[in-house]
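Note sheet for the following structure.
There are 2 protein chains.
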Amino acid sequence: MKAQKKSAPNNDRQAEIYRTAAQIILRKGYDATSVNDIANALGMTKAGLYHYISGKKELLFDIMNFGLDELDEEVAAPAKEILDAEERLRFMIASHAQLVTRGQGAITILVDEVTALTPAQGRKITRRKREYFDYMRGLLDELKNEGRLQDVDTTAATFCLLGMINWLSRWFRQGGSLTAEQAASQIVRIALGGLLRPGPPASKRGLRAVK
Amino acid sequence: MKAQKKSAPNNDRQAEIYRTAAQIILRKGYDATSVNDIANALGMTKAGLYHYISGKKELLFDIMNFGLDELDEEVAAPAKEILDAEERLRFMIASHAQLVTRGQGAITILVDEVTALTPAQGRKITRRKREYFDYMRGLLDELKNEGRLQDVDTTAATFCLLGMINWLSRWFRQGGSLTAEQAASQIVRIALGGLLRPGPPASKRGLRAVK
DNA sequence: ACAGCAACCTACCGGACGGTCGGTAACATA
DNA sequence: TATGTTACCGACCGTCCGGTAGGTTGCTGT
């Protein structure tokens, strides 16, 4: 059968390729996804797809940068305009989480597969990731200086934050019992306020090391 | 012939194979790891390795079960003997986190690569994972009933917990600025108590929705 | 002394994959 | 009508991978 699509200019097609490829790679993993898989999902052949991309690695690299662009534009940049540090943190967590839950925007997660890139590409992606990480940790440091933070290591805390947010992509499903907004708000609540009530039974108050 | 026992060296070698394979797969990913890679790391050839394993997928499946066994033995089982729910949660987070940081025990993380298994194998692993998850959520429910939990969705909270813990494997490095115990204790503190101090400056108290 | 078996090896196979080459069909421009 | 460009396709190539066949070596029990 021949599907007929008339309106498909270059730019739209490119974006469609990124989006489709990102979804498949997100689901099956980079190595397990063949260029053929991506091409077929787009209704074309491998050779046809190579008209748009210059290689499998380059496609991954482009997608990752696309995802990081989104992150900068929708999370980091708007956050920088919020004056209050606590509110800024709240915004970053919530908007980052919502970016992850958006199926198409799930691109961000591909940041995992850095090992599949060439060393040079990997270094570039890692640098961009680190920039974002450092900004977030800096925000926590700021809060700590204001005395608004619990006594926690800000590096570890940043990783915990990103862990919760990135893990969203593993469990959040559109149409599940939680909406994207609800999931994001849960993460904000847990990250900022923790699980336990401020005033516990007041029986034991010591951090226990294990083993 | 039930009395027939496999010779002793077999078992040691088998365990060594699991541990070595797990480390490589953890670092490079399942698909990017060839059977040859694993064999070479063990100082043998591919055909030699096939003396011990029955296939690449089966190896992965065995490793995953091995990791889940560890999780049951070192986290779930001991936890069940702790009476106080809060202390039980504290123990589970800390011991699970430490299991993840132990280089060799890093096996647990392989739980990601379920898609690489056959459907039947995948179902079995997923079932075991879900068992663990359900136990953890049940613990949170218990705490909630006791009124010791903040107002959070226990399912989302469990995922957040596991997100933080599993993410450890991405950033924790032996010999870094934090010891395994310190990292585990940071996670416990953040998960249970949150990032922010109980009493904030009490200036603005509004939840901001994002964009 | 020798059978038996565990623990490897070299050599090879079929298939899948990333990538290329030389087309072609449709449309725009002039 | 001639020409160029964009968007694709079928066929093919070299490589590497999972897996197998059929050995060889060396220990062990009898």
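Protein sequences, first through last, are from chains B and Z.
So the first sequence is residues 1198 to 1408, counted in this note's numbering.
So the second sequence is residues 1198 to 1408, counted in this note's numbering.
Even for Gly, the Cβ is constructed at its ideal location relative to N, Cα and C.
How do the region 1351-1362 of chain Z and the region 1245-1253 of chain Z stand: do at least 3 beta-carbon pairs fall below 8 Å, yes or no?
Verdict: no, contact absent.
Quick check: the Cα distance between Thr-1217 of chain B and Ile-1306 of chain B, rounded to an integer number of angstroms?
Cα-Cα distance, rounded: 14 Å.
Going straight from the alpha carbon of Ile-1384 of chain Z to that of Arg-1367 of chain Z, what length do you get?
Counting only the Cα atoms, Arg-1367 of chain Z lies some 14 Å from Ile-1384 of chain Z.
Interface partners of Leu-1314 of chain B on chain Z, CB under 7 Å:
What Leu-1314 of chain B touches in chain Z: nothing, since even the nearest Cβ is about 12 Å away.
Backbone secondary structure at Leu-1392 of chain B - three-state DSSP:
Coil at Leu-1392 of chain B, not helix or strand.
Closer than 8 Å by beta-carbon distance: list the chain Z residues that pair up with Val-1297 of chain B, in chain order.
Going along chain Z, no residue has its Cβ under 8 Å from Val-1297 of chain B, so there is no contact; the nearest lies around 11 Å.
Spatial distance of Arg-1287 of chain Z from Val-1297 of chain B (CA atoms)
Cα-Cα distance, rounded: 29 Å.
With a threshold of 8 Å between beta carbons, is Lys-1225 of chain Z in contact with chain B?
It does: the Cβ of Lys-1225 of chain Z has a partner Cβ on chain B nearer than 8 Å.
According to DSSP, is Leu-1239 of chain Z part of a helix, a strand, or is it coil?
For Leu-1239 of chain Z, the secondary structure class from DSSP, reduced to helix, strand or coil, is coil.
Whole angstroms are fine: how far does the CA of Glu-1310 of chain Z sit from the CA of Ala-1291 of chain Z?
Straight-line Cα distance between these residues: approximately 24 Å.
Would the region 1322-1338 of chain Z and the region 1310-1325 of chain B be scored as touching if the rule is three or more Cβ pairs under 8 Å?
Using a Cβ-Cβ distance cut-off of 8 Å, the region 1322-1338 of chain Z and the region 1310-1325 of chain B are not in contact, since fewer than three pairs of beta carbons, one from each stretch, lie closer than that value.
Please confirm whether Gly-1300 of chain B and Gln-1371 of chain B have their CB atoms less than 8 Å apart.
If you check the CB distance, Gly-1300 of chain B and Gln-1371 of chain B come in under 8 Å.
Assuming Ile-1221 of chain B and Asp-1209 of chain B form a contact by the criterion Cβ under 8 Å, report the distance between their Cβ atoms to the nearest whole angstrom.
No, Ile-1221 of chain B and Asp-1209 of chain B are not in contact; Cβ-Cβ is about 19 Å, not under 8 Å.
Taking 7 Å as the limit between beta carbons, can you name the residues of its chain near Lys-1199 of chain B, skipping five residues before and five after?
Legend: pLDDT at Lys-1199 of chain B = 29, less than 50; position of this residue unreliable, value from coordinates given subsequently. The answer is none, since no qualifying residue turns up.
Under the three-state reduction of DSSP, which class applies to Met-1198 of chain Z: helix, strand or coil?
Because the pLDDT at Met-1198 of chain Z is just 31, under 50, the model does not fix this residue reliably, and the point stays unresolved.
Distance, Cα to Cα, Ala-1219 of chain B vs Phe-1263 of chain B?
Taking the straight line joining both Cα atoms gives about 10 Å.
Identify the continuous alpha helix (DSSP H) that holds Gly-1252 of chain Z and give its terminal residues.
Note, Gly-1252 of chain Z: premise wrong, no alpha helix (DSSP H); not H, not E.
So which residues on chain Z does Asp-1269 of chain B lean against when the C-beta distance must stay under 9 Å?
The contacting residues do not exist; Asp-1269 of chain B stays about 15 Å from chain Z at best.
Are there any heavy atoms of the ligand PLP lying less than 7 Å away from the beta-carbon of Ile-1362 of chain B, as far as the coordinates show?
The ligand content of the structure shown is nil, which means the ligand PLP is not present either.
Checking 8 Å against the spacing of the C-beta atoms, do Leu-1308 of chain Z and Met-1361 of chain Z come in under that value?
Per the sequence presented here, residue 1308 of chain Z reads as Val, with Leu not at that position. With contacts defined by Cβ atoms closer than 8 Å, Val-1308 of chain Z and Met-1361 of chain Z do not form a contacting pair.
Going along chain Z, which residues have a C-beta under 8 Å from Gln-1383 of chain B?
Listed along chain Z are Val-1349, Asp-1350, Ala-1353, Ala-1354 and Cys-1357, each with a C-beta nearer than 8 Å to that of Gln-1383 of chain B.
Tell me the DSSP secondary structure of Leu-1280 of chain Z in three-state form.
Of the three classes helix, strand and coil, the one that applies to Leu-1280 of chain Z here is coil, per DSSP.
Within 8 Å of any Cβ in chain Z, is that where the Cβ of Asn-1363 of chain B sits?
So, interface residue.
Inspect the beta-carbon positions of Gly-1390 of chain B and Leu-1359 of chain Z and report whether they are closer than 8 Å.
No, they are not a contact pair.
Does chain Z have any CB closer than 8 Å to the CB of Asp-1234 of chain B?
False, the Cβ-Cβ gap to chain Z never drops below 8 Å.
Can the beta-carbon of Tyr-1215 of chain B be found closer than 8 Å to that of Asp-1269 of chain B?
Against a cut-off of 8 Å, the Cβ pair of Asp-1269 of chain B and Tyr-1215 of chain B comes out as no contact.
Leu-1337 of chain B (DSSP reduced to helix, strand or coil)
Assigned with DSSP and collapsed to three states, Leu-1337 of chain B falls in helix.
Proximal chain B residues relative to Asp-1228 of chain Z, where beta-carbon distance stays under 7 Å
Per Cβ cutoff of 7 Å: Gly-1226, Asp-1228 and Ala-1229.
Can you give me the Cβ contacts of Ala-1273 of chain B inside the same chain, cut-off strictly under 7 Å, excluding the 5 residues immediately before and after it?
Within the same chain, Ala-1273 of chain B has close Cβ partners Tyr-1329 and Tyr-1332.
Compile a chain-ordered list of the residues in the region 1326-1346 of chain B whose CB is closer than 7 Å to at least one CB of chain Z.
The residues in question are Arg-1345 and Leu-1346.
For Leu-1359 of chain Z, which of helix, strand or coil comes out of DSSP?
In the three-state reduction of the DSSP assignment, Leu-1359 of chain Z falls in the helix class, which pools H, G and I.
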